[in-house]
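Inspection log for the structure reproduced underneath, given as structure tokens.
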Amino acid sequence: MGETPDYVKGGIDDLLSAERQKQVQDVVDALARFKPDKIFVENTPDAQPYWNTVYRNYLNGFRPAEKSGELNEIFQIGIKLAKKINNPVGVTCINYVQPDLSLGMRTARNKIDTLQTFYSHELERVKPTYDVYFKQNPSVNRSFNEYLSNYETWKKLPIKEHLINLNSEQSIATLHYFNITGWMDTNTNGYGAEFTAKEYYRNTKIMQNILSSVSPYDRKLLVIIGGGHVQILRDMLKSHPYFEIVDVREILK
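Sequential numbering of the sequence shown, starting at 1, is according to the UniProt record's numbering.
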């Protein structure tokens, strides 16, 4: 299930209001009918103890003390869903953060890790800001602005309708383009393919985390993740003989 793109901020207005919370519950109720065996969320595995604590506290009637935790879709959707379906685990963190974005949370474990960290740092050094990227690529800029215009409209809808729009084929394709493949249009700074490949690499690591967390007894999985990841993950899962993609829009109807 795709959520917002990584650099479109703002989220849902008045999320903690009574009306919005009723809408959140509508989404949770719809997802509960799907009865996922595991709920995968977009946070790195090192954050798993935090979300385990949040889930344990929520089962005992306590919400996250930090506002950022309470407003997070992991709590609003993932944790609330886990409680409703009596999931013994709660949520499972499967995100992967590139070394240049890890803020010291990730340390090199082997030579490949060290080389990947160096490579990632070097790419980040020559990567333009998004403002420059959009200015250099009119097609990307146009796609981004059209998406942003749509997103501002979707934010005002009931949350279920908001998510259905975010997960439309057009929305996912547009996010994939301006987040990932658009770098190659003008071969940005001579490293267009490298910038694109870096994002593909990140998503293969997320896919690896998913595969490593699935047990033979799992039948249904729910992935709550930013919309920019959906196209790549869906393509990989489609080609895997053990997985069948279920469109979340059908679940939310």
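Ideal Cβ placement from N, Cα and C applies to all residues, glycine included.
Query raised in the report: Short check: CB of I94 to CB of I206, under 8 Å?
Result: yes
Query raised in the report: DSSP beta-bridge partners for L237?
Result: None, per the DSSP bridge assignment.
Requested in this report: Could you have a look at G228 and say whether DSSP puts it in helix, strand or coil?
Outcome: helix
Query raised in the report: Buried or exposed: L16, going by 16 or more other Cβ atoms within 10 Å of its Cβ?
Result: Burial call: exposed.
Query raised in the report: How big is the Cα-Cα spacing for N87 and W183?
Result: 41 Å
Query raised in the report: If we cut at 8 Å on Cβ distances, does P216 have a partner in chain D?
Result: The structure shown has no chain D; it contains just one protein chain.
Query raised in the report: Which of helix, strand or coil does DSSP assign to L175?
Result: helix
Requested in this report: Return the residue from the list T188, I79 and R142 that minimises the CA-CA distance to residue 254.
Outcome: Any question about residue 254 goes unanswered here, given that the chain covers just 1 to 253.
Report task. Would you kindly work out how many angstroms separate the C-alpha atoms of L163 and R249, rounded to a whole number? Result -> 8 Å
Query raised in the report: Taking the C-alpha atoms as reference points, what is the distance between A197 and A82?
Result: 34 Å
Requested in this report: Mark L115 as exposed unless 16 or more other C-beta atoms lie within 10 angstroms of its C-beta, in which case mark it buried.
Outcome: Residue burial is scored here from C-beta neighbours: L115 has fewer than 16 other C-beta atoms within 10 angstroms and is therefore classed as exposed.
Requested in this report: Would you tell me roughly how many angstroms separate the C-alpha atoms of V230 and I172, rounded to the nearest one?
Outcome: Rounded to the nearest whole angstrom, the CA to CA distance from V230 to I172 is 7 Å.
Requested in this report: Please name the residue in D26, Q25, R202 and T174 whose C-alpha comes closest to that of L99.
Outcome: Note that residue 99 corresponds to Pro in the displayed sequence, not to Leu. Here the closest residue by C-alpha is R202.
Query - Of the listed residues V89, V97 and Y151, nearest to P36 (C-alpha basis) - result: V89
Query raised in the report: So what's V41 in DSSP terms, helix, strand or just coil?
Result: strand
Query raised in the report: With a Cβ-Cβ cutoff of 8 Å, do I77 and V28 count as a contact?
Result: yes
Query - alpha helix (DSSP H) runs contained entirely in the segment 13-42, provided each spans 4 or more residues - result: 18-34
Query raised in the report: Considering only residues of the same chain and omitting the five flanking positions on each side of I12, which have a CB-CB separation below 8 Å?
Result: These residues qualify, in order along the chain: R20, K155, I159 and H162.
Query raised in the report: Leaving out five residues before and five after K22 in sequence, what residues of the same chain have Cβ atoms less than 7 Å from its Cβ?
Result: Once the five neighbours on either side are set aside, K22 has no close Cβ partner at all.
Query raised in the report: Does DSSP put T114 in a helix, in a strand, or in coil?
Result: Three-state result, T114: helix.
Requested in this report: Have a look at K253 and D247 and give me their C-alpha separation to the nearest angstrom.
Outcome: 11 Å
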